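In the order they appear, the protein sequences are chains A and P.
When we follow full-length UniProt numbering, the leftmost residue of the first sequence carries the number 1, and every step to the right adds one.
When we follow full-length UniProt numbering, the leftmost residue of the second sequence carries the number 1, and every step to the right adds one.
Just so it is clear, CB atoms sit at the ideal spot from N, CA and C, and this is done for glycine as well.
If you're wondering where the values come from, they're calculated on a predicted model, not measured in any experiment.
First up is the structure itself, then whatever we jot down about it.
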Amino acid sequence: MKAFLLLEDGTIFEGNSFGMEGKVVGEVVFNTGMTGYQEVLTDPSYCGQIVCMTYPLIGNYGVNIDDIESLKPQVKGFIVRELCKTPSNWRSIETLNEYLKRNEITGLEGIDTRALTRILRDNGTMKGTIITAEQLENIQEELTKVNSYTINNPVLQVTTNEIKHYKGEGYKIALMDYGLKQNIVRSLLNRGCEIYIFPATATAEEVLEINPDGIMLSNGPGDPKDCQFQIETIKKLIGKKPIFGICLGHQLTALANGANTVKLKYGHRGCNHPVKDIAKDLTYITSQNHGYTIVEESLDRETMTVSHINMNDGTIEGIKYKNAPLFTVQFHPEASPGPGDTAYLFDEFIKMIDYSKSSL
Amino acid sequence: MPKRNDIHKVLVIGSGPIIIGQAAEFDYAGTQACQALKEEGIEVVLVNSNPATIMTDTNIADKVYIEPLKAEVVKNIIRCEKPDSILPTLGGQTGLNLAMELAESGFLQEQGVKLLGTATEAIKMAEDRQDFKDTMERIGEPCIASKVVTTIEDAVEFAREIEYPVIVRPAYTLGGTGGGIVYNEEELREIGENGLRLSRVHQVLIEKCISGWKEIEYEVMRDSKGNVITVCNMENIDPVGVHTGDSIVVAPSQTLADKEYQMLRTSALKIISALGIQGGCNVQYALHPTSFEYAVIEVNPRVSRSSALASKATGYPIAKVASKIAIGYGLDEIKNAVTGKTYACFEPTLDYVVVKIPKWPFDKFVKAKRTLGTQMKATGEVMSISSSFEAALMKAIRSLELGIFTLEQDIYKNLEGSEILKKLHDINDERIFVIAEAIRRSITVEEIHEITKIDYFFLCKIKELVLMEEKLKTVSKDQLDKDILKKAKKMGFTDRIIAKLSGIPQKEITELRKQKNITAAYKMVDTCAAEFEAVTPYYYSTYDDHSEVKKSDKDKVMVLGSGPIRIGQGIEFDYCSVHSVWALKELGYETIIANNNPETVSTDFDTADRLYFEPLTPEDVANIVEAENPKGAIVQFGGQTAIKLTKALDDMGVKIFGTEAKNVDAAEDREKFDEILEKTGIPRPQGKTIFTLDEAIAAANELGYPVLVRPSYVLGGQGMEIAYNDKDVKEFMEIITRTVQEHPILVDKYMMGKEIEVDAICDGEEILIPGIMEHLERAGVHSGDSISVYPSQTLSDKVKEVIVDYTVKLAKALNVVGMVNIQYVLYNNQVYVIEVNPRSSRTVPYISKVTGIPMVNLATKVMMGKKLKDFKYGTGLYREPGYVSVKVPVFSFEKLHEVDTSLGPEMKSTGEVLGIADNFPEALYKGIIASGIKLPKPGDGILMTVRDTDKPELIHIAEEFEKLGFTLYATGKTANMLNNNGIATNAVRKLDEGSPNIIELIHAGKLAMIINTPTKGRNSDRDGFKIRRKAVEMSIPCLTSLDTAEAIIKCLKLGKTEGELEVLNLNIFDE
């Protein structure tokens, strides 16, 4: 069925709807990864967002049961240039269209995704709506709805309701779920860890009660400043146990340490972002998905050192804290999708726990 | 890490002549390398034997040596120039092997010359089969079950162990020369022995055959600090079993989920790190289609054909970055020229699909075996970019210039379904069309997949195209609504093919399309999927609403490129296109280039101001014209590809700079040309234009045999043959008319005289003739296949005067403005004109270099309104230099089975080399050895078997060889004749005279050279054909013209060794 993408500034793209036909409003962002659409769809950090893939052929390898980062697709809407109707891959169990339909996600295909990307690049992330031709009666009315759209507490929408426990022989890790990607769990399990996943609403006391060997702060959606409770919790956890934060976890930790965050014009979403590990003097290709960044000037240089920087735009990609066993990164060392070149950071986390144990 | 401070003067080694497996990509790579080094203030010394390259221009390198790529010669250059370093990894396998040879001999160390980039040990680790296998085992990367063997018995034993079929891969050879898949012991013995002989280190790898797995490649970069990135990955549509150079390739991979993509990416980075590569590297994988199992097939520790493709596919300049890495820079210190802001240390992301299709020489070599396997056969390739796979494939198909515009091919229409099904088993260049036909016949994609193992994804895409073709066949003009039309355009159908399929006139389709506002839009290749703004206007077309063409108020001129490298139209036309762009830039024009060859300098995003990576068909070019509205176009430099577009451009109202369209036509149109000759009083061999076989036979008989038969409007003598009787005429006509002929066929009297060639520049009033070349072989051998000498050594001043006079008259009569190439034959001391080409020719780069006249630059400027008198080169015949230059053709027969190696009017060479010296014999000697001919040594055996008409002449040649101490062999009659003339000759049996015969003699390794002049026609000489093919397989030089034999004698008499040759810096011609 004919459908449109209507952006907050009134720009219209005409395409065809797929997945669940209908209307969705969200923040429109683009992802430049050439593979990994299934991981993108199921990444809870995309909560509230309509994701446009810049690679034009999506759905080529279908959908399988393994490559998921959470139990269901998390995006608000999905935009592709060409939806593959005849996927081919030995693991594929259904088409992307079938998958989105089953999970009631609205998609739009057949638009000039490059033109859309250029608009988002030049004007910054915009709100927008995917809407079928039938539903689009009054553009002004729809625009009003689009402009009044806000994502409310997305972290609470995607976090776990209850504590989950994964057995392991190694260190006991408390993993704060702000919208975590399952590969963080897999990465820790691969290193023998025992894991307790806590809801984002868990208090510091609840977390410390299990006496973890280390704490991991996960990725998650939205504006970090909306997460005041979580920031307060982190303040109480710092110094108690070795901590490793990823993405939103990285931003929240910085806010907990008095730094500031700011929204990026159009964010970093893709699998090809070069990040320099300053100590190693090596640049790694990373997987990224974030719309906010830490303001460099706001860092407390006494306690915080920039450990990683983005080679494209110079933004902060990692911080090492001098006053506690704590480091955080903006990108996704757990990959999925994208390169696993920085998986070594999980090993460094384990080493940090080793060290804190031995120095006790 | 910043630039090393111990590098001041670098020797760059080129890749030599164009051969199958090593084409223009190394001119592109080498040119980028030289530029990258020069901009760092490093003095660059370049050596390459190939004069048709841009890298051998004196403005690209500081010192240029066009010398044979032989160790002893390069040693002399090093002694003379004293570079502190060598950059070995940008000159293909040839350059790398040569550098390794110099390093291994200890010479480099002795001279204090460093090898830049990847260390020698690392190269060995990647190139040596066993070392590589051991390394892979050490780092836990899976390889295919294989064993390196040095004897055929070991090969047989191992094959028994791993079971047939097995693949034979010789070590250190190009494009898989001498390898292949074998299914039993007999085949293994044959191919294995051949492979052992061809390998420089006498090693072959016997490998478990895993045909049917997906073949995936990764292009990776690493710097000395250890930063690693992948530039892109590519998926071969043809599964493992077809050489990657012969595969249809798509970038990025289409059927890999992120898990598989990252698994192989991680592996590639692990390998490049373990090998310690500094620069670019290519890793090839076989991926099991239904599991995560994979195997590393091969690693190229250097810039390769695939890296040229990856560079053009992504906009990431691999060769340039590899050069910067070699002199010490880190990937994080090299700027990304496309964005101007970001760094080379990132991974390009594509928001389009790229398709590469090889350009095979089977349209020329109709008898060649078309089967594709592990030995590469393509001479070049085309690349196309679009936002759908379908459109990219359709664009690539029409870029091939085969007269094919869609998947439907008439030749399959009349075949039964069962025959189509049978044909699906043949792995050859036509498979994609057979698949399309199979789909049309309702053979299921499952069945096709079962047979071809090609992934469903691609088969389904082909099906989409077939369905569209079928749909278009049924629509009437009223039904052809915006949706169908737009969909067809988005899938890459041209108006011409929509018209053909629907039966609606093309003009109406175009009008309808424009009415409905369906026009081409252009998108940019920017390395980053629009995430950052790009500063390099590198465009491809789509059928979208949003176009990214930047507006400009400057006067723009469009230069049309020459498409894929093929026999008859090689790298020299890219040289010309690029120089024309540079000249236009000097004049202050904004330049636009349109081309589709990913291997070239012209398709580098910083050559022209605007690059359009597009097919070169009238519609594709018209779209560019509409988007850019150029002041005019230049067609003289893009070979026949560009010339063919003259009329279309003229019809579009685009001004053709230089010779006008009607005059271009006058040179090609026989009748109009005859009128001109009559008016100017210039004789030419009598001839006729005909359309049918009957007319051809009548014409031939009227003119008297032998006659030349050929189609008009072709380059490289395509389809041209000498006919000696009616049977020959019949045979050739059949071949010619296999493709539809829009123009008449020419039948000319064949005159066996001396061929002379002239390139000239005319400004409409005055003419400058840089030089007169003479061919060593008599007329009848295509000019591209003859040894060509400049300045001419045998022409009298009187003849030269006549040639100058005729050239001036012809240029004026044809109102030539710009370039003209004229071929003459000197027969019984009279000069006849054979053909006039009002365009740049293949000799232009070489003549420019050895006269010091920048011909393309002058011609371009003249076309834009300048006069010859504005330049310092004067007019008339230019003064001759004190040096002799000899161009020697190079062939790739060892790659092309069942192609007759005898030379004739149809061009067969793939490349050329140049020998320069202050005397003719030495220049000839340099040319001969540079071309790869192994000169025989006294005591060696030479076999002579020639046609009757050549026998008298042979006596004197045989005598010379005898005097030089060779052992002579000849067949019955020839041996008798020679013995009767007092020349001791061993008689050998012909093939049908029992054992031992000629073939056995060749096999026994007793011969170091064969002189075999073919009798007549294509087919009649089966013995000779077998001898010539055997010679190719055994790497024994086989001369098919007595004139070439004379040349070899001159070389032998010179008595010099490679090390004794004086090396010459090309700057001598600039004085």
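Task: Assigned secondary structure, glutamine 111 of chain P (DSSP; H/G/I helix, E/B strand, else coil) - done: The answer is helix: DSSP assigns glutamine 111 of chain P an H, G or I state.
Task: valine 601 of chain P versus P/Glu390, P/Gly14, P/Thr31, P/Gly21, residue with shortest Cα-Cα distance - done: Taking only the C-alpha atoms, the option nearest valine 601 of chain P is P/Thr31.
- [ ] Run down chain A in chain order and give the residues with a C-beta less than 9 Å from the C-beta of threonine 266 of chain P.
- [x] Contact note: threonine 266 of chain P reaches chain A through Pro339, Gly340, Asp341, using a C-beta cutoff of 9 Å and chain order.
Task: Reduced DSSP category for phenylalanine 349 of chain A - H, G, I as helix; E, B as strand; rest coil - done: Looking at phenylalanine 349 of chain A - three-state DSSP - the assignment turns out to be helix.
TODO: Report yes if the CB atom of glycine 653 of chain P is closer than 7 Å to the CB atom of methionine 907 of chain P, and no otherwise.
DONE: Going by C-beta atoms, glycine 653 of chain P is not nearer than 7 Å to methionine 907 of chain P.
Task: Inter-stretch contact at 8 Å, needing at least 3 Cβ pairs: the region 149-169 of chain P / the region 108-125 of chain P - done: Not touching, per the Cβ criterion.
Task: Per-residue contacts from lysine 276 of chain A into chain P (C-beta, under 7 Å) - done: Those within 7 Å of lysine 276 of chain A in chain P are Asp332.
TODO: Would you identify the three-state DSSP class for proline 44 of chain A, choosing helix, strand or coil?
DONE: Note: proline 44 of chain A maps to helix in three-state DSSP.
TODO: Could you tell me the distance, in whole angstroms, from the CA atom of valine 321 of chain P to the CA atom of glycine 328 of chain P?
DONE: Taking the straight line joining both Cα atoms gives about 11 Å.
- [ ] Pull up the distance between the alpha-carbon of asparagine 211 of chain A and that of glutamine 228 of chain A, whole angstroms please.
- [x] Approximately 24 Å, taken between the alpha carbons.
TODO: For glutamate 347 of chain P, go through chain A and note every residue whose CB falls closer than 7 Å to its CB, in chain order.
DONE: Near glutamate 347 of chain P (Cβ distances below 7 Å), the residues of chain A are Asn272, Ile285.
TODO: Using a Cβ cut-off of 7 Å, pull out every chain A residue sitting near serine 49 of chain P, in sequence order please.
DONE: Within 7 Å of the CB of serine 49 of chain P, no CB atom of chain A is found; the nearest one sits about 39 Å away.
Task: Residue from P/Cys281, P/Ser311, P/Ala310 whose Cα sits closest to the Cα of glutamate 298 of chain P - done: If we check each option's Cα against that of glutamate 298 of chain P, P/Cys281 comes out closest.
Task: Proximity below 7 Å, CB of isoleucine 504 of chain P to CB of lysine 556 of chain P - done: Not closer than 7 Å, so no.
Open item on the list: Using only the alpha-carbon positions, how far apart do methionine 491 of chain P and threonine 406 of chain P sit?
Closed with: Looking at the two C-alpha atoms, the distance is approximately 11 Å.
- [ ] Using the DSSP secondary-structure output, state which residues sit across from cysteine 232 of chain P in a beta bridge.
- [x] DSSP, once it has assigned bridges, lists P/Glu219 as partnering cysteine 232 of chain P.
Task: DSSP three-state assignment for glutamine 686 of chain P, whether helix, strand or coil - done: Glutamine 686 of chain P carries a coil assignment under DSSP once its states are collapsed to helix, strand and coil.
TODO: Tell whether a beta-carbon distance below 7 Å holds between alanine 923 of chain P and proline 68 of chain P.
DONE: No. Outside cutoff.
Open item on the list: Judging by CA-CA distance, which residue of A/Ser336, A/Leu83, A/Leu116, A/Ile79 is the nearest neighbour of proline 44 of chain A?
Closed with: A/Ser336 is the residue among A/Ser336, A/Leu83, A/Leu116, A/Ile79 whose C-alpha sits nearest the C-alpha of proline 44 of chain A.
- [ ] Could you please give me the residues that DSSP links to proline 889 of chain P through a beta bridge?
- [x] In the DSSP output, where bridge partners are listed per residue, proline 889 of chain P has P/Glu912.
TODO: Could you run through the region 233-264 of chain P and flag, in chain order, every residue whose CB is less than 7 Å away from some CB of chain A?
DONE: If the cut-off is 7 Å between Cβ atoms, the region 233-264 of chain P has Pro252, Gln254, Thr255, Leu256, Ala257, Asp258, Lys259, Tyr261, Gln262 near chain A.
Task: For histidine 308 of chain A: DSSP bridge partner residues - done: For histidine 308 of chain A, which the question treats as bridged, DSSP gives the partners A/Asp277, A/Gly318.
Open item on the list: Under DSSP, the alpha helix (DSSP H) around threonine 31 of chain P begins and ends at which residues?
Closed with: That run of the alpha helix (DSSP H) goes 25-38.
TODO: Kindly list, in the order they appear in chain A, the residues whose Cβ is closer than 7 Å to that of tyrosine 329 of chain P.
DONE: Going along chain A, no residue has its Cβ under 7 Å from tyrosine 329 of chain P, so there is no contact; the nearest lies around 13 Å.
Open item on the list: Can you list, in chain order, the residues of its chain with a C-beta nearer than 6 Å to that of isoleucine 197 of chain A? Leave out the 5 residues immediately preceding and following it.
Closed with: Thr160, Lys164, Leu175, Asp177.
Open item on the list: Taking the straight line between their C-alpha atoms, what separation do you get for lysine 551 of chain P and glycine 632 of chain P?
Closed with: One alpha carbon belongs to lysine 551 of chain P, the other to glycine 632 of chain P, and they sit about 17 Å apart.
Open item on the list: 7 Å is my cut-off, CB to CB: does tyrosine 61 of chain A come that close to chain P?
Closed with: Using beta-carbon distances, tyrosine 61 of chain A counts as an interface residue toward chain P, with a partner under 7 Å.
Task: Cβ neighbour criterion (16 or more within 10 Å) applied to glutamine 93 of chain P - done: Classification of glutamine 93 of chain P: buried, given that the 10 Å Cβ count is 16 or more.
Task: Three-state class that DSSP yields for glutamate 880 of chain P in the structure shown - done: Under the three-state reduction of DSSP, glutamate 880 of chain P is assigned to coil, being neither helix nor strand.
TODO: Give the residues of chain P in contact with glutamate 334 of chain A, contact being defined as C-beta atoms less than 9 Å apart.
DONE: Going along chain P, no residue has its Cβ under 9 Å from glutamate 334 of chain A, so there is no contact; the nearest lies around 12 Å.
Task: Where the alpha helix (DSSP H) containing residue 1072 of chain P begins and where it ends - done: Any answer about residue 1072 of chain P is impossible in this case: the structure gives chain P only from 1 up to 1071.
Open item on the list: Run through chain A and tell me which residues come within less than 8 Å of proline 289 of chain P, C-beta to C-beta.
Closed with: Within chain A, the residues near proline 289 of chain P are Trp90.
Task: Residues, ordered as in the chain, of the region 378-395 of chain P that lie near chain A by beta-carbon distance below 7 Å - done: Residues passing the 7 Å Cβ filter: Ser387, Ser388, Phe389.
Task: Residues of the region 145-168 of chain A with Cβ closer than 9 Å to any Cβ of chain P, in chain order - done: So the list is empty, because no residue satisfies the distance condition.
Task: Proximity test, Cβ basis, 7 Å: alanine 295 of chain P and chain A - done: Closer than 7 Å to the CB of alanine 295 of chain P there is not a single CB belonging to chain A.
Open item on the list: Taking 8 Å as the cut-off, does the region 1044-1055 of chain P touch the region 996-1006 of chain P (at least 3 CB pairs, one atom from each stretch)?
Closed with: Short answer: they don't touch.
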